[in-house]
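Residue numbers (this note's numbering): 306 to 898. Structure record follows, encoded as structure tokens.
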Amino acid sequence: MARNKFDQDEMLDSPFRFSDFKRIMVYIKPYKKQILLTLSTILLANLALMLGPYLTKIAIDESIPNQNYTQLIILSCIFLFTIVITGFCMRYRIRTINEMGQNILETMRLDLFKHLQKLPFTYYDNRPHGKILIRVVNYINSLSDLLSNGLINLISDLISLFVALGFMLFIDYKLTLYSLALIPILMLVVWVIKNAQRKAFQRVSNKQSNLNAYIHESIAGIKVTQSFAREDENLMIFDQVSNGYRSSWMTAMRYQFLLWPSVHNIATITTCLVYYVGIRELGVHVSTGVLIAFIGYIGNFWNPIINIGTFYNSLITGTAYLERIFETLDEKPDVIDKTDAYVLPNIKGEVTFKNVYFRYNSEREVLKGIDFTVQPGESIALVGPTGAGKSTIISLLSRFYNINEGEAKIDGHNIADVTLQSLRAQMGVMLQDTFIFSGTIMDNIRYGRLDATDEEIIEASKSVKAHDFIAPLKDGYYTEVKERGSTLSAGQRQLISFARALLANPKILILDEATSSIDTNTEIALQIGLNKLLQGRTSFIIAHRLSTIKNANRIFYIDQGIIQEQGNHEQLLELKGLYYTLYHSQFTFLKAN
Ligand SMILES: Nc1ncnc2c1ncn2[C@@H]1O[C@H](COP(=O)(O)OP(=O)(O)OP(=O)(O)O)[C@@H](O)[C@H]1O
């Protein structure tokens with residue numbers, strides 16, 4: 306899959322089908338009891354509310370003409386009682402519905418986050434992170450109304466509608482038929498605009514996602530933007546993306562507002578029709594009380610229909626978000642445990658790659674037949690030009706991606722056959738882009754081994770020379786660092802990640818450009834600690850600095866996805882091949898500087 310960009314609409318893998326509402330039921334099911342209870346209170350409130358016009362009819366047609374004041378007082382008391390009941394029911398309903406809605410959203414958000422944590426690197430490689438973020442935060446929040454109020458309101462409105470209809474039929478069935486005369490027209494309007502409205506909201510969700518992706522990317526790259534004074538250019542791009550969102554929204558609203566006036570106009574025309582017929586028949590077939598009560602019921606009949614129209618609109622909007630949420634949940638993690646995966650026993654650290662081929666996407670082979678065996682405790686330096694495939698080799702060893710052909714084994718266990726957890730738990734990995742999380746320095750080092758004591762953390766930090774800069778800080782190891790470690794220098798971030806990788810006491814240590822931003826003096830000191838630490842561990846070190854490379858037991862010179870040369874420093878120099886050229890070009894460069 307080609308990488309999606311902020312200005313590219315995402316294609317939907319499978320559009321939302323209305324049968325997918327069954328999936329939502331999974332989230333709603335645990336609240337069956339609350340829903341039933343809420344619906345009962347709604348029914349009670351409706352019955353109480355509907356009694357009002359009927360009481361008015363009795364008062365007008367019987368109590369007032371007969372001057373029956375006792376009956377009038379009783380009717381007033383019953384009316385008052387119905388108002389109190391309605392009030393209590395409404396209060397219960399609002400509280401329960403909101404609580405339930407938020408619980409449903411929380412579960413959904415949790416499921417989504419849980420799933421995102423399992424998705425492979427390829428998923429994140431292929432789309433802007435802003436487009437993932439918007440699904441967990443905005444899209445889920447946008448469903449709030451639909452899943453809480455929306456659904457209950459729909460049922461409640463349907464109840465109101467049928468209760469009102471029942472009362473209307475009971476009072477005068479002819480007037481009731483007049484009230485329903487224009488319903489088919491309303492249904493026709495909904496049917497005609499349905500598809501266009503749905504497409505319009507899919508577009509809105511896409512444009513909103515694009516906007517989010519651009520904002521996310523712009524914030525992440527703000528330092529580069531300001532360094533290159535690209536603000537005006539970026540503002541123009543932002544304006545375009547934002548304008549795309551605005552116009553998609555306006556189009557969607559146009560469809561939405563087609564429905565609203567249709568419902569309102571039909572409601573008004575129907576009420577006029579009932580007035581017209583009612584007044585014409587007044588005194589013949591229809592009494593004043595019946596007409597007044599009927600007009601009351603017409604309101605109670607059309608209000609739910611108007612509300613259902615609103616629900617329908619939010620359903621269409623919500624569907625555009627739901628299909629994106631379900632799409633993410635349906636994304637199959639391809640790097641997963643096999644059904645019969647077993648726990649990798651404690652390893653010694655022998656690593657074998659057998660004829661490994663790999664490509665990130667179908668276009669180009671990045672590794673072409675990588676073959677090697679590394680003995681436990683051996684340290685391997687991977688060198689070679691940029692883009693040669695060095696990081697890819699170590700990504701495969703941690704099984705961040707699945708190998709396309711060939712196999713990788715640790716102590717004879719194929720890494721594809723063991724559980725990911727047991728595999729990764731025995732490796733200390735320090736990737737090229739060191740990541741620092743918000744929290745204290747202590748939290749950051751402890752990240753990979755939560756049960757590590759403070760002493761162990763300090764010891765690991767001392768080994769990698771991180772202690773030297775942490776100790777003098779005002780709060781030492783408890784110094785708060787910001788997200789991505791923006792308050793630390795690049796070298797300091799590397800030292801923290803280094804300590805983090807070591808703390809796990811791994812049998813296999815993977816260091817990708819671990820020391821590239823560390824000054825030479827610190828690196829020399831670090832090297833002494835590192836040599837000690839590497840003893841008894843298998844290590845793969847990607848480095849461009851010769852000092853780090855020279856100390857390795859073996860050096861693999863990688864180019865174009867192939868191990869072109871291997872051996873120790875002296876052997877490779879004697880070979881007078883690619884490594885020799887690299888060494889001499891660096892050496893000459895260093896001397897010249
Ligand atoms: N996530 C990815 N998706 C697609 N292609 C990738 C991805 N990561 C790397 N590549 C491509 O694979 C090739 C090998 O990349 P790799 O990162 O392994 O190189 P490297 O030898 O570690 O380079 P460097 O020394 O610059 O870090 C490169 O051509 C790169 O463009």
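C-beta: ideal position from N, C-alpha, C; glycine also.
### Task
Verify whether the separation of the beta carbon atoms of VAL723 and LEU649 is less than 7 Å.
yes
### Query
Relative to ligand 1, is the shortest distance from any of its heavy atoms to the C-beta of ALA721 smaller than 6 Å?
no
### Query
In terms of DSSP beta bridges, what is ASN719 paired with?
LYS714
### Message
Taking the straight line between their C-alpha atoms, what separation do you get for ILE815 and ALA686?
### Response
10 Å
### Cβ-based burial, MET747 [other Cβ within 10 Å; buried from 16]
buried
### Message
ligand 1 and SER696: does any heavy atom of the ligand fall closer than 6 Å to the residue's C-beta?
### Response
yes
#### Entry: Inside the stretch 320-398 only - alpha helix (DSSP H) runs reaching at least 4 residues
326-333, 337-363
### Message
Need the endpoints of the beta strand (DSSP E) that THR657 sits in, please.
### Response
656-663
### Query
Would a C-beta distance cut-off of 7 Å place ASP639 and PRO425 closer than the cut-off?
yes
### Query
For ALA486, is the classification buried or exposed, using 16 other Cβ atoms within 10 angstroms of its Cβ as the cut-off for buried?
exposed
### Message
For MET555, list the residues DSSP reports as bridge partners.
### Response
Answer is none; MET555 lacks a bridge partner.
### Query
Taking the continuous alpha helix (DSSP H) assigned at VAL494, which residues delimit it?
488-525
### Message
Taking DSSP's pairing of strands, which residues face MET735 in a bridge?
### Response
LEU816
### Message
Is THR691 near ligand 1 - that is, is its Cβ less than 6 Å away from at least one heavy atom of it?
### Response
yes
### Query
Since HIS569 and ILE611 are thought to touch, with beta carbons under 8 Å apart, how far apart are those beta carbons, to the nearest angstrom?
7 Å
### Task
Measure the CB-CB distance between ILE863 and GLY694 and report whether it falls below 7 Å.
yes
### Query
DSSP state of ILE685, grouped into three classes?
strand
### Complete alpha helix (DSSP H) runs within the stretch 526-598 (minimum length 4 residues, chain order)
527-532, 536-585
### Task
Answer yes if the stretch 445-464 comes into contact with the stretch 623-634, meaning at least three C-beta pairs across the two stretches below 8 Å, and no otherwise.
yes
#### Entry: Minimum Cβ-Cβ distance from LEU385 to chain D less than 7 Å
In the displayed structure, chain D is absent; only one protein chain is listed.
### Query
Should VAL671 be listed as close to ligand 1, given that the test is whether its C-beta is under 6 Å from any heavy atom?
yes
### Query
Mind checking whether the beta-carbon of TYR665 lies closer than 6 Å to any heavy atom of ligand 1?
yes
### Task
Please state if the CB of VAL661 and the CB of SER703 are separated by a distance shorter than 7 Å.
no
### Query
Closer than 6 Å: is that where the CB of ASP462 sits relative to any heavy atom of ligand 1?
no
### Query
Under the criterion of a Cβ to heavy atom distance below 6 Å, does ASP430 qualify as lining ligand 1?
yes
### Query
Pick from ILE854, PHE803, VAL468: whose alpha carbon is nearest that of LEU887?
ILE854
### Message
So, for GLY841: in the same chain, excluding its five sequence neighbours on each side, which residues have a beta-carbon less than 7 Å away from its beta-carbon?
### Response
GLY682
### Query
Where does the unbroken beta strand (DSSP E) through GLY872 begin, and where does it stop?
867-872
### Query
Would the stretch 394-406 and the stretch 453-461 be scored as touching if the rule is three or more Cβ pairs under 8 Å?
yes
### Query
Taking C-beta to C-beta, are ILE847 and ASP824 nearer than 7 Å?
no
#### Entry: Sub-7 Å separation of ILE390 and ALA364 beta-carbons
no
### Query
In this structure, does DSSP put TYR647 in helix, strand or coil?
strand
### Rounded distance between the beta-carbons of ILE498 and LEU563, thought under 8 Å
5 Å
### Message
Rounded to whole angstroms, what is the Cα-Cα separation between THR387 and GLY588?
### Response
30 Å
#### Entry: Three-state secondary structure assigned by DSSP to LYS770
coil
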